[in-house]
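Heads up: the sequence shown is residues 47 to 421, going by this note's numbering.
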Amino acid sequence: MPPVDADLSRYFSDSYEEGRRKFLDACLRHDLEVQHHVHPSLKAPSGEDLSMDAAWYGPQDAARVLVFSCGTHGLEAAAGAATMLRWLDREGPGQLPDDISVLLIHAINPYGWAWSHRINEDGIDLNRNFPDRSQPQPSNPDYLDIHQLLLAATPDETGLDKFAKGFHTLTANKGMNAALTGITSGQFDFPEGLSFGGQALSWSGKTLFAIARKHLSRAERILHIDWHTGIGEYGQPHFILDEGKGSDTHILLSDWWPGHAIHCDDVVEGVSIFYNGLLLEGMRDEIRKFNPAEVVNLTIEWGTYDVEKMLQALMMDNWLMHRAGDADPALVDTVRADLIERFYPQATEWRRNVILASEKIYDQAVAGLESWGRT
47 MPPVDADLSR YFSDSYEEGR RKFLDACLRH DLEVQHHVHP SLKAPSGEDL SMDAAWYGPQ
107 DAARVLVFSC GTHGLEAAAG AATMLRWLDR EGPGQLPDDI SVLLIHAINP YGWAWSHRIN
167 EDGIDLNRNF PDRSQPQPSN PDYLDIHQLL LAATPDETGL DKFAKGFHTL TANKGMNAAL
227 TGITSGQFDF PEGLSFGGQA LSWSGKTLFA IARKHLSRAE RILHIDWHTG IGEYGQPHFI
287 LDEGKGSDTH ILLSDWWPGH AIHCDDVVEG VSIFYNGLLL EGMRDEIRKF NPAEVVNLTI
347 EWGTYDVEKM LQALMMDNWL MHRAGDADPA LVDTVRADLI ERFYPQATEW RRNVILASEK
407 IYDQAVAGLE SWGRT
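Below is the structure:
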């Protein structure tokens, strides 16, 4: 196994195409069974297929399954994908206990990664695309003020500063909880707006459900970890649970990762936000339709920059998708490069920290799943 500092480029990729090639090569070397779910109509910038790839290792009827996924938010995939490669390099599959299998889901939003977006091909935030669609569409009245700021925003330095000042004014007038709920909770009324959850289940959502039905119908206990970037301390993991503090799951995960706070509705200090249509909740609900297994979900973010810069980044991504058509190509390139940096820092220190911290997280995930219900 090569040392981390010898060649970080072994793990981190500059494009979706490079990342997919590395992942498939690694799966081949380590004898993982891979299924390719190719997008029916879209391609990568190079003309290559866009694919969500699902890799399996272990018995098909394993009682315990560990799921790692990346790329819910497109370009955020690169960091999570790098941790998967490092785990494979460390011979992780070969060290699994006999009754544990692993499922690696690579690039949930391949379009977003390939085209340097956080949102998907339809402008949907896939982490808001899974509400209970048998119920009335969720409402988010706090979003209306955010949408006005969005429409007036430009991605140059002056425009970004204006967007941030407008958000701070909104916070002063209506409170941080209302302002952040508006911008992050998810909304279903403005297809060209921020945090749009979509009017129907996306291609990625349908594909994920198909993967779940194929691989997770016989498991009795499932731990699903979804990798993200953008929240938390620079280069450090930030754990987020979609259940309440003090719940059995919160206690369980706090025991598995004793060195980390398990955040629930306190992702931003002093603020409590309800999120509509979370992907991990949608997956758990879908699994329960065909399997009564116990399912524990965990989102792990790799911290990048401060909250203000990341809120601006949401606006930048939206501008690139919906309003950059007639803009100066040089401006478009600058905004895209800045967007990528905010979610996927180039710094060696950041990337080294991600790899080193992930090693222990993978080991603790396996140990936790193995001990679950036995102690």
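We put the beta carbon where it would ideally sit given N, CA and C, even for glycine.
Three-state secondary structure assigned by DSSP to residue i
i: K208; result: helix
i: C116; result: strand
i: I319; result: coil
i: K406; result: helix
i: P86; result: strand
i: I386; result: helix
i: H306; result: coil
i: S250; result: helix
i: D311; result: coil
i: R179; result: coil
i: H337; result: Sequence inspection shows Asn at residue 337; the His mentioned does not correspond to that position. Reduced to three states, the DSSP call for N337 is coil.
i: E289; result: coil
i: R398; result: helix
i: G228; result: helix
i: L298; result: helix
i: P486; result: The structure shown has nothing for residue 486, since the chain only spans 47 to 421.
i: P139; result: helix
i: A393; result: coil
i: D53; result: coil
i: D202; result: coil
i: G414; result: helix
i: I257; result: helix
i: N166; result: coil
i: L262; result: coil
i: L74; result: helix
i: N219; result: helix
i: L325; result: helix
Span of the alpha helix (DSSP H), counted from its first residue to its last, around residue i
i: W159; result: 156–160
i: N173; result: Counting along the chain, N173 falls outside any alpha helix (DSSP H), and DSSP gives it neither H nor E.
i: F234; result: Element bounds for F234: n/a, residue is neither H nor E.
i: H193; result: 189–198
i: L134; result: 123–135
Bridge-paired residues (DSSP) for residue i
i: D60; result: In DSSP, D60 forms no bridge with anything.
i: H284; result: E347
i: E279; result: Per DSSP, none; premise fails for E279.
i: V342; result: L269
i: V80; result: A101
i: F242; result: Q233
i: V111; result: S147, I268
Close-in-space but distant-in-sequence residues of the same chain around residue i (CB under 7 Å, 5 per side omitted)
i: D145; result: A108, A109, R110
i: S404; result: T129, R132
i: R330; result: V341, N343
i: Q410; result: W302, W303
i: L355; result: Residue identity differs from the one stated: residue 355 is Lys in this sequence, not Leu. Excluding positions up to five away in sequence, the list reads R388.
Residues of its chain near residue i, where Cβ-Cβ distance is below 6 Å and the 5 sequence neighbours each way are ignored
i: P201; result: M362, W365, V381
i: C73; result: V80, A101
i: A153; result: M98, G117, A123, W159
i: D188; result: A224, T227, G228
i: E63; result: A90, S92, E94
Beta-carbon contacts of residue i that lie in its chain and below 8 Å, excluding the five residues immediately before and after
i: F58; result: A124, A125, A128, R397
i: R334; result: V341
i: D77; result: Y103, P139
i: A258; result: M329, E332, I333
N-terminal and C-terminal residue of the beta strand (DSSP E) that residue i is part of
i: R420; result: Neither: R420 is in no beta strand (DSSP E) and is coded neither H nor E.
i: L96; result: 95–103
i: H368; result: Careful: H368 lies outside any beta strand (DSSP E), inside the alpha helix (DSSP H) at 353–368.
i: D272; result: 267–275
i: H152; result: 146–152
Closer than 7 Å to chain C by CB, residue i
i: F320; result: The structure shown contains no chain C, having only a single protein chain.
Decide if the segment 123–139 is in contact with the segment 220–233; the criterion is three or more beta carbon pairs, one per stretch, under 8 Å apart. no
Take every Cβ of the segment 360–370, pair it with every Cβ of the segment 238–254, and state whether three or more of those distances are shorter than 8 Å. yes
Between the segment 157–176 and the segment 82–90, are three or more C-beta pairs nearer than 8 Å? yes
Does the structure place the segment 272–290 close enough to the segment 225–232 that three or more beta carbon pairs sit under 8 Å? no
I want to know whether the segment 180–197 touches the segment 287–300 - three or more CB-CB distances under 8 Å. no
Do the segment 256–270 and the segment 185–194 meet, that is, are 3 or more Cβ pairs less than 8 Å apart? no
Evaluate contact between the segment 407–419 and the segment 293–303, counting only Cβ atoms and requiring at least three cross-stretch pairs below 8 Å. yes
Quick test of the definition: if touching needs 3 or more C-beta pairs under 8 Å, does the segment 316–326 touch the segment 170–183? yes
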